[in-house]
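Undergrad:
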Amino acid sequence: MIDKTSPSAAAAVADIPDGASLAVGGFGLSGNPIALITALLEQGTRDLSIVSNNCGVDDWGLGVLLNAKRIRKMTSSYVGENKEFERQFLSGELELELTPQGTLAEKMRAGGAGIAAFYTQTGVGTQVAEGGLPRKYDGQGGIAVASPEKDVRRFAPGGVHNDYVLEEAIVTDFALVHAVRGDTHGNLVFAKSARNFNPLAAMAGKICIAQVEELVAPGDLDPDHIHLPGVYVHRIVEVGPDIEKRIERRTVTVADALSHDIPEGA
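Numbering (this note's numbering), first residue to last: 14 to 279.
1. In whole angstroms, give me the CA-to-CA distance for aspartate 235 and valine 252.
2. Roughly how many angstroms lie between the CA atoms of phenylalanine 187 and leucine 146, to the nearest whole one?
3. Whole angstroms are fine: how far does the CA of proline 170 sit from the CA of glutamine 56?
4. Enumerated in chain order, which unbroken segments of the alpha helix (DSSP H) with a length of 4 residues or greater are wholly contained in the stretch 43-71?
5. Does DSSP put histidine 238 in a helix, a strand or coil?
6. Among Asn45, Thr116, Val178 and Pro161, which residue has its Cα nearest to the Cα of asparagine 211?
7. Based on Cα-Cα distance, which residue from Leu78, Glu180 and Gly127 lies nearest to glycine 144?
8. For arginine 148 versus valine 158, is the C-beta distance shorter than 8 Å?
9. For leucine 107 versus glutamine 101, is the C-beta distance shorter than 8 Å?
10. Do alanine 17 and histidine 247 have their CB atoms nearer than 8 Å?
11. Tell me which same chain residues have a C-beta within less than 8 Å of the C-beta of glutamine 134, skipping the five on either side of it?
12. Between which two residues does the beta strand (DSSP E) carrying lysine 205 extend?
13. Taking all protein chains shown into account, decide if leucine 103 is buried (16 or more other Cβ within 10 angstroms of its Cβ) or exposed.
14. Where in the stretch 138-168 do unbroken runs of the alpha helix (DSSP H), each at least 4 residues long, occur, reported from the N-terminal end onward?
15. Which runs of the beta strand (DSSP E) at least 3 residues long sit entirely within the stretch 66-136? Give them in chain order.
16. My output table needs one value for valine 246: the three-state DSSP class, helix, strand or coil.
17. Please state whether the Cβ-Cβ distance between serine 19 and valine 225 is less than 8 Å.
18. Determine which residues share a DSSP beta bridge with threonine 185 and list them.
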């Protein structure tokens, strides 16, 4: 029997070295593997290249690694909720490979499926395909690193001719993900929007480390309810159901605001 359980988040990430590449799950602040991120912060790992839909916020999610200047490069589709991210990028401290969201998802899935690259219509006719997007600034307003031009070919699926741009798959050294339940074999179940990027990040990592709110014995999960098979997961650690979860923006009605003494518009 294969038991993939790690005794703690610290033990699970202990061998992630400086300079490693990571695929990290999460969509906004939903499904962030915060216990693993915090353990990585505490052990001092730096110079990381991270692939994730976004980089958290200034004091949560991947933002805690960013604030500690542990991240060298981000590959993301959305970076608009983090002021420190903006500052580091524009000052030339951080490299950014901005990638269309669906393309980013497929790049990770392809990496996990053993597909080296694929063609997509997304980005054709833009700087995504033509190159020249700033990836790193020189700190003086100039571009130090720009995105390269990508191969564009014409295909006719269904008899309709269109241009498609070549996108390479993503494979990282490690993956960090969060699931609501898992068993000791590594089979995972995700809750709601946490399912958006966590399974794909898990697939992309050569070594996948999962934190789960509830760890159960093999056979306790209904096979029809498993979202990611354990073949993709190498280590699993239980963090409990009370682990802190955040949302980016709380929106309430005027009536709710008044009943809770919340200023209108807050």
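We put the beta carbon where it would ideally sit given N, CA and C, even for glycine.
TA: For this structure:
1. Their Cα atoms are separated by approximately 21 Å.
2. 27 Å
3. Whole-angstrom Cα-Cα distance: 50 Å.
4. 47-56
5. helix
6. Asn45
7. Glu180
8. yes
9. yes
10. Just to set this straight, residue 17 is lysine in the shown sequence, not alanine. Yes, these two residues count as a Cβ contact at 8 Å.
11. Asn175, Asp176, Tyr177 and Val178
12. Element bounds for lysine 205: n/a, residue is neither H nor E.
13. With fewer than 16 other Cβ atoms within 10 Å, it is exposed.
14. 140-143
15. Taking only runs of at least 3 residues, the beta strand (DSSP E) segments lying wholly in the stretch 66-136 are 84-89, 108-111 and 130-133.
16. coil
17. no
18. Gly218
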